[in-house]
Structures are given as structure tokens and as C-alpha cells.
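Q: Residue numbers for the sequence shown follow the UniProt record's numbering, so the first one is 1 and each next one is one higher.
Here you go, one structure.
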Amino acid sequence: MEWILLELMKKPQLMRKLQEEIERVVGLERMVEELDFAKLKYLDNGVKEGFRIHPAALLMAPHMAMEDCVVMGYDIPKNLRVIMNVWAIGRDMGSWTDPEEFIPERFMDLIVDVHGTDFRVIPFGSGRRRCSGVHLGTVFVRLVTAQLVLCFDRELTIILTVALLLVAIALLLLLITPKSGAKKQSLPPSPPGLTIIGHLHKLGRLPHDALRDIANKHRSVVLLHLGLSPTVVVTSPEAASQVLRTHDAIFASRPRPLPGSSSSTVLATSASVRTGAILRSSAQ
Ligand code: HEM
């Protein structure tokens with residue numbers, strides 16, 4: 001949401017277009033309501049573009065293979081951790097023109113579902129472990145963005161700085177490292193790493209960006225060692241589709257957190273791990 005506002009502030013003509021749409025449909029006398037959404041097409045496009053270019057969970061929540069399987073021709077052994085670089089997938093050069101640019105107009109004639117069926121934009125994940133708050137999430141983002149766009153007037157605020165800090169903290173939490181039993185097979189390619197820390201030093205301050213560079217040099221599916229923990233990083237819509245759709249049941253589990261993680265993270269993750277087996281056998 002903060003990112004959408006930032007992009008709109010950087011391009012005041014887009015901000016004005018959105019403000020005009022909301023003023024025309026809703027007016028200035030009342031708050032935006034869910035019933036207005038059908039008529040707020042530019043708002044919908046702006047929020048989709050925000051989800052594409054600035055997904056809240058840049059590297060999603062990690063998944064874990066519950067059985068051996070093959071993704072994009074590579075063997076993925078049981079218990080291997082998989083993360084999806086949603087940030088890089090949304091900026092895939094093969095799927096978008098000017099992928100780094102915030103252009104809500106690109107969705108005018110393009111039907112893209114951001115709820116997990118179109119792998120070019122997967123801010124909520126897909127399959128059995130897709131975000132359970134997906135509808136609340138999209139309604140909330142649209143309502144608050146619309147309301148702020150009406151009240152805000154083109155000034156950068158401290159909210160944006162706080163949002164960036166929160167994203168950095170979320171990324172650090174994703175580096176929690178569980179055990180894994182990877183065997184020598186036809187595993188995804190792995191760039192040279194260092195002993196003990198593996199590829200951790202390559203992540204830098206913006207891991208999603210660094211991971212995209214690694215994917216550009218190697219493949220859309222690479223095997224990295226984040227400390228002692230082997231992790232597969234997925235960086236293309238095709239590969240994400242194979243993990244979250246073709247092998248949805250196999251990847252319907254999450255790795256266990258390390259001792260020392262915050263209690264809420266431990267609770268949330270262990271709850272997810274427990275539901276893995278149930279979700280695996282349930283119909284989608
Ligand atoms: C814009 C808002 C939101 C975004 C972008 C978002 C994104 C995500 C993502 C990427 C995942 C991981 C999916 C995967 O691993 O395949 C997730 C999981 C989850 N989200 Fe959200 N989420 C949002 C809002 C919400 C809300 C409002 C709720 C609850 C009311 C919620 C509840 C959950 C839960 C419970 C999970 C874990 C699902 C599981 O492990 O099976 N989310 N979310």
C-alpha cells in the first residue's frame with residue numbers, strides 16, 4: 001500500500017488520474033465502500049500493478065517438499081526447502097514490457113488474476129498453502145489506498161520509511177534455517193559458495209534483488225546454501241507454476257523454525273507444518 005502511494009507520488013499524473021476516478025465515482029462526501037470497486041477500474045489496475053512490482057512477501061513463505069519430485073527437469077529431494085522469488089517473478093522480462101516501471105495502464109486490456117491462478121503475479125502465493133486472507137487482503141489494500149489517495153496530497157511521509165524497515169525485518173525472518181537431507185542427484189544448478197556460510201554472503205542488503213541476479217546468471221531454479229540449509233530458489237512463472245500447481249500437494253508443507261525464533265513465528269510456522277499433511281490429502 002505504501003509502495004503504491006510512493007509510486008503514485010513519483011508520477012503525479014497517475015495520482016491525479018486515480019483521484020479523479022475516485023472523486024467521479026464516490027465523490028468527496030463519503031468513504032469508499034466495497035460496492036464501489038466495480039466502477040473503480042483504475043484503482044484495481046493500480047493495486048494489481050502494486051502487487052506485481054512490490055509484493056508484500058518478496059520471497060513468499062518457504063515451502064518444503066514432502067516427497068521427491070522433479071521441477072523444470074531437476075530433482076527436488078524430499079525435505080528440501082523452496083522459496084519463490086515473487087519480486088523477481090513479477091518483474092520477469094518475458095512476461096512484461098518495462099517490468100521495472102509502475103504502469104497501471106498495462107492491466108487495461110490484460111486479464112490477470114492476482115489471487116494465485118496467474119503465475120506472472122503471485123503476491124498471495126498459490127495452491128493449498130496460498131494466503132488464507134487473500135480476499136480480505138485485496139479488499140483492505142484497495143479500500144485504504146483509495147481513501148489515502150483522496151486525503152493525501154503528493155508528499156512523501158515517514159510511513160514509507162517505516163514500510164521499508166518492515167520489509168527488511170521480514171526478509172531477515174525468512175533466513176531461518178531448518179535441517180534438510182539433500183542427496184547428490186540431478187539437483188538444480190548451484191553457483192560456487194563458501195564453506196559454512198554457503199551463499200549467504202551473496203544476498204547483500206536486498207536478497208530478492210541478489211537472488212534475481214543469481215537466477216539471471218544461472219537458471220530460474222537454483223540451489224543455494226543459506227548457511228547450512230540448502231534452499232531452492234524459484235524465479236520464473238513457469239517454475240512457480242510447477243511448484244505451486246503441478247506439485248502443489250508435495251510442497252504443501254513449510255520448514256520448521258529454528259529454536260530462538262520469535263514465539264509468534266514458531267507458533268505460526270509449526271501450526272502450518274502440522275496442517276501440511278491434512279492439506280496435502282485435501283482436494284484443492
Ligand atoms: C495484502 C495482504 C496480504 C498479502 C500480500 C499476503 C501474502 C501472503 C503470502 C505470500 C503467503 C504465503 C503463501 C504461500 O506460501 O504459498 C501468505 C500466507 C498466509 N496468509 Fe497472507 N497475505 C495478506 C493478508 C493476509 C490476511 C489479511 C490474513 C488473515 C486474515 C492472512 C493470512 C495468512 C495465513 C494464515 C497464511 C498461511 C497459510 C498457510 O500456511 O497455509 N494473510 N500470505
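Backbone N, C-alpha and C define an ideal beta-carbon position, used for all residues, glycine too.
Over what stretch of residues does the beta strand (DSSP E) that includes CYS69 continue unbroken?
A: Numbered from its first residue, the sequence shown carries residue 69 at position 69. Element bounds for CYS69: 69-71.
Q: Quick one: does the C-beta of MET60 sit closer than 7 Å to a heavy atom of the ligand HEM?
A: As a working note, residue 60 is residue 60 in the sequence shown. Answer for MET60: yes, Cβ within range of the ligand HEM.
Q: Compute the distance between the beta-carbons of ASN85 and VAL233, then report whether it is under 8 Å.
A: Here residue 85 refers to the residue found at position 85 when the sequence shown is read from its first residue. Here residue 233 refers to the residue found at position 233 when the sequence shown is read from its first residue. It is a contact, given that the beta carbons lie within the stated cut-off.
Q: Between SER186 and the rest of its own chain, which residues show a CB-CB distance below 7 Å, the 5 nearest in sequence each way excluded?
A: Here residue 186 corresponds to residue number 186 of the sequence shown, with the count starting at 1. Correct list, in chain order: TYR74, ASP75.
Q: Would you mind sorting ARG154 into buried or exposed? The rule is 16 or more other CB atoms within 10 Å of its CB.
A: Working through the sequence shown from its first residue, we reach residue 154 at position 154. With a pLDDT of 48 at ARG154, under the threshold of 50, the modelled position of that residue is not reliable, and no figure is offered here.
Q: Does DSSP classify SER186 as helix, strand or coil?
A: Walking along the sequence shown from the start, residue 186 turns up at place 186. Reduced to three states, the DSSP call for SER186 is coil.
Q: Going by CA-CA distance only, name the one from TRP87, ARG245, GLY50, MET31 that's closest to VAL141.
A: Locating residue 141 in the sequence shown gives position 141, where the first residue counts as 1. Looking at the Cα atoms, GLY50 is the closest of the given residues.
Q: Quick check for students: name the residue ranges of the beta strand (DSSP E) that lie wholly in the region 185-255, counting only runs of 3 or more.
A: 221-226, 229-234
Q: With respect to the beta strand (DSSP E) encompassing ASP75, which residues constitute its N-terminal and C-terminal limits?
A: Within the sequence shown, residue 75 is the residue found at index 75, counting from 1. Here the beta strand (DSSP E) through ASP75 covers 74-76.
Q: Leaving out five residues before and five after LEU148 in sequence, what residues of the same chain have Cβ atoms less than 8 Å from its Cβ?
A: Here residue 148 refers to the residue found at position 148 of the sequence shown. Contacts found: MET1, LEU5.
Q: Straight-line CA distance for LEU223 to ILE214?
A: Within the sequence shown, the letter at position 223 stands for residue 223. Within the sequence shown, the letter at position 214 stands for residue 214. One C-alpha to the other measures close to 10 Å.
Q: Can you give me the C-alpha to C-alpha distance between LYS11 and PHE124, rounded to a whole angstrom?
A: Position 11 of the sequence shown, counted from the first residue, corresponds to residue 11. Position 124 of the sequence shown, counted from the first residue, corresponds to residue 124. Going by the C-alpha atoms only, they are around 26 Å apart.
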